[in-house]
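I have placed the structure first, in the form of structure tokens, so that the comments after it can refer back to it.
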Amino acid sequence: MTESNERVPIITISHVWKYFGHLPALQDVSLEVSAGERVVIIGPSGSGKSTLLRSINRLEEIDKGEITVQGQDIMSRENDINLIRRNLGMVFQQFNLFPHKTVLQNLILAPIKLHRLSREEAEERALGLLKKVGISDKANVYPAMLSGGQQQRVAIARALAMQPAIMLFDEPTSALDPEMVGEVLDVMVNLAEEGMTMICVTHEMGFARTVADRLIFMDQGQIVEAGKPDTLFTAPRHPRLRQFLNQIL
Amino acid sequence: MPEPNDTHSKGNIVMVTDGGSIPDPREWRLINAWSIALVGAVCALFALCLLWPEPYLRILLYLPDGVLITFKITVMSICCAVPLGLLTGLGRISRNRVINLMASTYVEVVRGIPLLVQLFYIYYALSRFFQVSGITSAVIAISVCYGAYMGEVFRAGIMAISKGQSEAARSLGLNRFQTMFYVVLPQAWRTILPPVGNECIAMLKDTSLVSIMAVPDIMQRARSFVGTTYLYFETYTVIALIYLIITLVLSKCVSIMESRLNYYDGK
């Protein structure tokens, strides 16, 4: 990580509230993420971690507070959310590949329609990405033919095809069979080593420990504790984090 | 606290309406309801014409012009009703309150009025303001009527596509329109095709109503033949068999198209 851009906030989340009906899903959450930083969010289910992640690219609309991405307020009418989203790659728990398109078509759809890349350029980039995630031989098959782990790697490649500045991962390994978790995490670790800014919601504590610059523990819609992963794992201050770690480790 | 992403999306194959008249594309046994009906109808028609060329063959030869008209009205109505249905379906799921209300009101009004009344209304009642030919008013009435029914089919088909699909598309930066046309609709089409095919076949049958407005379709040709010969039994037997053969062949076409759309299932 270079010292120069470490302190530049690429995402700022300030005093964000989000309600589902009367239930507060996020309560006064504030967070800054620097360029090149790897943030991992953990917490029990229903703690609001996915909601927070999905708020960053406005898949969930926040009710109060402000979120900026690269200095642009995502809720402002003046900023085109579709342009902001091009810089925010997202990987979902359920992969959400387009089943009616081949792997290659999944990767080139958005670049062709949005960047107006030529088909050749988009395909070249896509094949490079497929090689990177280790499935270049599956370019012309439909997603239904792939294993879960392969599908999730394609989904990562699809998000990368837009050359985003930031990657958001929403429990990317939670829907996978245990033996496929590793192959997806490997891709994510490689991505982290390349210096990609990443925010990752996960239950994979090993991954959190090795990759995260900062670990965030959320519970009941709030950030309860944040810091270096080693500190949080070895010396948790908050009783709720201690209880959570006891349950999962 | 609900975390929407935690819910597992189900498969997107949903029966939108009763697809009863479309043969199951996986049904490959030789003897099934569809083949019995088709072979029966064709044999019956042949037998009648061979055994008693007078009057059956004469009736049969009197009808081809009517078949053409029936097809013409049906094809023109499909060309208007399918886009209208798509617009209505999109309108019904629109977040714009005005568009949504307009589409919903259209569906409610049209579904509450029998097609025959709509036909009469356009042909006779509206003739006070403007004159339209029988065929034009038939196409308008049938399109308006079936557009509303198909709107519901399109709406249900679009809603059956899991939310994750549009979220994935939107997160890549595609706008609402691009998401609908590149990601959601191509998938929804698979759910939509059987009921839309059914509606089109029902439409072909309903074109028989236009005979009342002196449009020379199959039914009107039959009625004029009966008018001079009084051969009610013979004529309407032939008519029924012809309609049956046409709809059976069309339903098989829809079924073949349906199986072609299953290409990405990985089976």
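Top line first, the protein sequences correspond to chains A and B. The first sequence begins at 1 in our numbering and counts up by one. The second sequence begins at 1001 in our numbering and counts up by one. Glycine included, every Cβ here is placed at the ideal spot set by N, Cα and C.
Might you give, ordered along the chain, the residues of its own chain that have their beta carbon closer than 7 Å to the beta carbon of residue i, omitting 5 neighbours on each side?
i        : result
G1019(B) : In this prediction, G1019(B) has a pLDDT of 46, which is less than 50 and means its spatial position is unreliable; what the coordinates show is noted afterwards. Cβ neighbours of G1019(B) beyond the five flanking positions: P1194, P1195 and N1198.
N57(A)   : R85, L88, M90 and L168
G48(A)   : A25, L26, M218 and G221
D1206(B) : L1115 and I1142
E249(A)  : First, the residue type needs correcting, since residue 249(A) is Leu and not Glu in the sequence shown. Cβ neighbours of L249(A) beyond the five flanking positions: M205.
L104(A)  : E123, A126, A139 and N140
I1078(B) : C1200 and M1203
I1135(B) : I1073 and V1215
R1170(B) : T1179
S4(A)    : With a pLDDT of 49 at S4(A), under the threshold of 50, the modelled position of this residue cannot be trusted, and the question is left open.
Might you give, ordered along the chain, the residues of its own chain that have their beta carbon closer than 6 Å to the beta carbon of residue i, omitting 5 neighbours on each side?
i        : result
R38(A)   : A192, M198, V211, A212 and D213
A1222(B) : T1235 and I1239
F217(A)  : I42, G43, V224, E225 and L241
F98(A)   : N106
L31(A)   : I13
T2(A)    : Low confidence applies here, because T2(A) scores a pLDDT of 46, under 50, leaving its location unreliable; read the following figure in that light. Closer than 6 Å at Cβ, skipping near neighbours: no residue.
P1055(B) : L1231 and E1234
T1069(B) : In the sequence under discussion, the amino acid at residue 1069(B) is Ile, which differs from the Thr named in the question. So the list reads P1216 and D1217, once near-sequence residues are dropped.
Between the options, which has its C-alpha nearest residue i's C-alpha?
i        : options                                   : result
R1111(B) : F1120(B), C1145(B) and L1038(B)           : C1145(B)
I1212(B) : M1203(B), I1201(B), E1167(B) and S1224(B) : S1224(B)
T1088(B) : I1031(B), R1097(B) and M1102(B)           : M1102(B)
Q1187(B) : V1254(B), M1159(B) and R1092(B)           : M1159(B)
P229(A)  : Q222(A), D219(A), L245(A) and P239(A)     : L245(A)
R116(A)  : G1173(B), S1208(B), D1217(B) and I1192(B) : G1173(B)
L127(A)  : E183(A), T102(A), M145(A) and T231(A)     : T102(A)
Q1118(B) : L1261(B), F1129(B) and V1139(B)           : V1139(B)
I112(A)  : L176(A), G227(A), R158(A) and V69(A)      : R158(A)
V33(A)   : V69(A), V184(A) and E61(A)                : V69(A)
V187(A)  : Q163(A), G21(A) and K131(A)               : K131(A)
G1085(B) : P1216(B), G1147(B), S1171(B) and G1040(B) : G1147(B)
Q93(A)   : M196(A), L53(A) and G71(A)                : L53(A)
I81(A)   : D28(A), A165(A), L59(A) and E121(A)       : L59(A)
P178(A)  : V154(A), S147(A), L114(A) and D170(A)     : S147(A)
I1245(B) : L1045(B), N1096(B) and N1032(B)           : L1045(B)
S1208(B) : W1034(B), P1053(B) and Y1243(B)           : Y1243(B)
In chain order, what residues of the same chain lie with their CB nearer than 8 Å to the CB of residue i, ignoring the 5 residues before and after it?
i        : result
D73(A)   : E66, I67 and N79
V189(A)  : F207, T210 and V211
E1003(B) : Because the pLDDT of E1003(B) is 38, which lies under 50, any placement of that residue in the model is unreliable, and the question is left without a value.
W1189(B) : G1157 and L1261
D170(A)  : S50, L53, R54, M90, V91, F92, Q93 and V201
Considering just the uninterrupted stretch of the alpha helix (DSSP H) at residue i, what are its terminal residues?
i        : result
D256(A)  : With chain A covering only 1 through 249, there is no way to say anything about residue 256(A).
S34(A)   : Run containing S34(A): none in the alpha helix (DSSP H); it sits in the beta strand (DSSP E), L23 to S34.
M188(A)  : P178 to E193
M1219(B) : I1218 to T1229
V1215(B) : Per DSSP, V1215(B) belongs to no alpha helix (DSSP H) and is neither H nor E.
M196(A)  : Careful: M196(A) lies outside any alpha helix (DSSP H) and carries neither H nor E.
M1257(B) : Y1232 to R1260
I1059(B) : R1058 to Y1062
V1039(B) : A1033 to L1051
S1133(B) : S1133(B) -> no alpha helix (DSSP H), and no H or E assigned at all.
I74(A)   : Segment: none, I74(A) is in no alpha helix (DSSP H) and carries neither H nor E.
R242(A)  : P239 to I248
A208(A)  : M205 to V211
R54(A)   : K49 to I56
Within the continuous beta strand (DSSP E) that includes residue i, where are the two ends?
i       : result
V8(A)   : No beta strand (DSSP E) holds V8(A); DSSP gives it neither H nor E.
F169(A) : I166 to D170
V69(A)  : K64 to V69
F217(A) : R214 to D219
L88(A)  : L88 to V91
L42(A)  : The question names Leu, but residue 42(A) in the sequence shown is Ile. Per DSSP, I42(A) belongs to the beta strand (DSSP E) from R38 to I42.
Residue i touches chain D at which residues, Cβ-Cβ below 7 Å?
i        : result
Y1264(B) : Of the chains in the structure shown, none is chain D; the protein chains are A and B.
- Item | 4 or more residues per run - each alpha helix (DSSP H) lying fully within the segment 1154-1197 of chain B | 1163-1171
- Interface positions of the segment 14-45 of chain A facing chain B (Cβ-Cβ less than 7 Å), listed along the chain: F20, L23, A25 and S45
- May I have a chain-ordered list of the alpha helix (DSSP H) segments no shorter than 4 residues that lie completely inside the segment 84-172 of chain A? 103-110, 119-132 and 148-160
- For the segment 1212-1234 of chain B, which residues have a beta carbon sitting closer than 8 Å to at least one beta carbon of chain A? none
- Query: For the segment 135-150 of chain A, which residues have a CB atom closer than 7 Å to at least one CB atom of chain B, in sequence order?
  - Reply: Y142, A144 and M145
- What are the residues of the segment 1171-1187 of chain B that lie near chain A, defined by any Cβ-Cβ distance shorter than 7 Å? Residues of the segment 1171-1187 of chain B with a C-beta less than 7 Å from any C-beta of chain A: S1171, L1172, G1173, L1174, N1175, Q1178, Y1182, V1183, P1186 and Q1187, listed in chain order.
- Query: Where are the alpha helix (DSSP H) runs, 4 residues long or more, that stay fully inside the segment 1082-1125 of chain B, in chain order?
  - Reply: 1097-1111 and 1115-1123
- Interface residues of the segment 1152-1167 of chain B facing chain A [CB-CB below 7 Å]: Result list: G1164, Q1165 and E1167.
- Message: Short of 7 Å Cβ to Cβ, which residues in the segment 91-104 of chain A face chain B?
- Response: Listed in chain order, the positions of the segment 91-104 of chain A with a beta carbon within less than 7 Å of a beta carbon of chain B are F92, Q93, Q94, N96, F98, P99 and H100.
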